[in-house]
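A.B. asks:
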Amino acid sequence: MSDQNNNNPKKPKKGQINIELDEKVAEGTYSNLAIINHSVSEFVVDFVSIMPGTPKSKVKSRIILTPQHAKRLLKALADNVNRFEKAHGEIKDYEQPPIPLNFGPTGQA
88 MSDQNNNNPK KPKKGQINIE LDEKVAEGTY SNLAIINHSV SEFVVDFVSI MPGTPKSKVK
148 SRIILTPQHA KRLLKALADN VNRFEKAHGE IKDYEQPPIP LNFGPTGQA
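Just so you know, we're using the numbering used here here: the sequence shown kicks off at 88 and counts up by one.
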């Protein structure tokens, strides 16, 4: 007798997590700048899209991670960059002038 639940693609197998990706999230968000800050308990990664000639940009997405997850993300990114470079050649890191960042109004005396 077979278990009919094994044939259901929507039901994860024991020990697996079913992760859903809706259409809006699947479209993704373009970012060409990541700003990273941290405290004792979390890392905050703000993703920004800066367009040439535009004096103002907004944070498009913010991800908040525990230090443990930030370290796992670092390792996963390093592994993926290494695999990409083995398949497609070295990623060139071009020098760019520093971008002056301003997160809202600043106080004056």
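We put the beta carbon where it would ideally sit given N, CA and C, even for glycine.
When the Cβ atoms of the stretch 122-131 are set against those of the stretch 104-112, are three or more pairs found closer than 8 Å?
C.D. replies: Touching, no.
A.B. asks: Of the residues L161, K179, K173, which one's Cα is nearest the Cα of F130?
C.D. replies: Translated into the one-based positions of the sequence shown, residue 130 becomes position 43. Ranking the options by Cα distance to F130, first place goes to L161.
A.B. asks: Pair every Cβ in the stretch 152-159 with every Cβ in the stretch 167-176, then say whether three or more of these pairs are closer than 8 Å.
C.D. replies: Touching, no, given that fewer than three Cβ pairs across the two stretches are closer than 8 Å.
A.B. asks: How far does the alpha helix (DSSP H) with V135 in it extend, from its first residue to its last?
C.D. replies: For the purposes of this step, residue 135 is identified with residue 48 of the sequence shown, where counting begins at 1. Taken as a continuous stretch (DSSP letters only), V135 belongs to no alpha helix (DSSP H), being part of the beta strand (DSSP E) at 130-135.
A.B. asks: Can you name, in chain order, every residue of its own chain whose Cβ lies under 7 Å from the Cβ of K100, other than the five neighbours on each side?
C.D. replies: Within the sequence shown, numbered from 1, the residue matching residue 100 stands at position 13. Nothing listed; no residue qualifies.
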